[in-house]
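Trainee: Residue numbers (this note's numbering): 12 to 158.
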Amino acid sequence: MVVELTDATRAGVDHGWLRDLARHVLAAEGVGQAEVGVHLVGERRMAALNADHRGMRGVTDVLSFPLEEPGEPVPPGVPRLLGDVVVCPVQARRQADADGTPAAFELALLVTHGLLHLLGWEHDDDPGDMALRQGEILAGWDWSGLW
12 MVVELTDATR
22 AGVDHGWLRD
32 LARHVLAAEG
42 VGQAEVGVHL
52 VGERRMAALN
62 ADHRGMRGVT
72 DVLSFPLEEP
82 GEPVPPGVPR
92 LLGDVVVCPV
102 QARRQADADG
112 TPAAFELALL
122 VTHGLLHLLG
132 WEHDDDPGDM
142 ALRQGEILAG
152 WDWSGLW
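1. Any contact of the stretch 115-130 with the stretch 70-88, i.e. 3+ C-beta pairs under 8 Å?
2. Please work out which residues of its chain come closer than 8 Å, Cβ to Cβ, to Ala19, disregarding the five sequence neighbours upstream and downstream, and give them in chain order.
3. Does the structure place the stretch 62-69 close enough to the stretch 27-37 that three or more beta carbon pairs sit under 8 Å?
4. Hey, Leu121 and Ala150: beta-carbon distance below 8 Å or not?
5. Would Ser155 be called buried (16 or more neighbouring beta carbons within 10 Å of its own) or exposed?
6. Can you grab the Cα-Cα spacing for the pair Gly88 / Gly43, in whole Å?
7. Measuring only the C-alpha atoms, how far is Arg65 from Leu74?
8. I'd like the span of the alpha helix (DSSP H) that includes Leu118, first residue to last.
9. For the beta strand (DSSP E) that contains Gly27, what are its first and last residues?
10. Using three-state DSSP, classify Arg91 as helix, strand or coil.
11. Buried or exposed: where does Glu83 fall if 16 or more other Cβ atoms within 10 Å of its Cβ makes it buried?
12. When you compare only the Cα positions, how much space is there between Thr123 and Arg21?
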């Protein structure tokens with residue numbers, strides 16, 4: 012599994028941990044050979060992406076850009092090209108502070124959330140199912156080493 016990671020921030024996120032988390036999430040979802048991008052960006056870049064792709068003003072926490080259609084068959088032996096997850100660590104920390112949760116957990120949750128979107132999960136129909144799955148995936152994961 013290939014996890015391409017870019018970090019345009021000075022947030023101090025542990026890159027190895029972040030790659031391991033992405034692999035953990037994808038393995039939990041039964042994904043074998045795959046390529047995925049995880050990108051950490053600052054507030055300005057995230058606000059620009061949010062405006063360009065969702066038509067919404069301001070910073071958001073996570074955006075997903077899938078390359079596959081859900082359920083699209085992939086020939087055996089060919090890695091899946093899942094797409095990219097973009098996360099704003101500053102927004103993640105802000106949300107964690109507001110919720111009284113550790114920033115590392117919030118970032119782990121956002122990365123998990125974004126990866127599930129790449130795999131076709133949606134929360135518009137039933138937010139409880141996606142939230143439950145995120146919890147199941149992170150239940151046995153030591154997210155404390157992230158930040």
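Heads up, the beta-carbon is just placed ideally off N, CA and C, and yes, glycines get one too.
Mentor: Quick answer:
1. yes
2. Counted from its first residue, the sequence shown places residue 19 at position 8. Excluding positions up to five away in sequence, the list reads His50, Leu51, Val52, Gly53, Arg56.
3. no
4. The sequence position of residue 121 within the sequence shown is 110, counting from 1. The sequence position of residue 150 within the sequence shown is 139, counting from 1. Result no, Cβ atoms of Leu121 and Ala150 do not sit closer than 8 Å.
5. To locate residue 155, count along the sequence shown from 1; it is residue 144. That one is exposed.
6. Taking the first residue of the sequence shown as position 1, residue 88 is located at position 77. Taking the first residue of the sequence shown as position 1, residue 43 is located at position 32. When rounded, the distance between both Cα atoms is 10 Å.
7. Here residue 65 is taken as the residue at index 54 of the sequence shown, counted from 1. Here residue 74 is taken as the residue at index 63 of the sequence shown, counted from 1. Distance between the alpha carbons of Arg65 and Leu74: 9 Å.
8. Counted from its first residue, the sequence shown places residue 118 at position 107. Residues 114-129.
9. Reading the sequence shown from its first residue, position 16 is the one you call residue 27. Not the beta strand (DSSP E): Gly27 falls in the alpha helix (DSSP H), residues 26-39.
10. Here residue 91 corresponds to residue number 80 of the sequence shown, with the count starting at 1. Strand, per DSSP.
11. Start at 1 with the first residue of the sequence shown, and residue 83 comes out as number 72. Looking at its Cβ environment, which holds fewer than 16 other Cβ atoms inside 10 Å, Glu83 is exposed.
12. If you number the sequence shown from 1, residue 123 lands on position 112. If you number the sequence shown from 1, residue 21 lands on position 10. Their backbone Cα atoms lie some 21 Å apart in a straight line.
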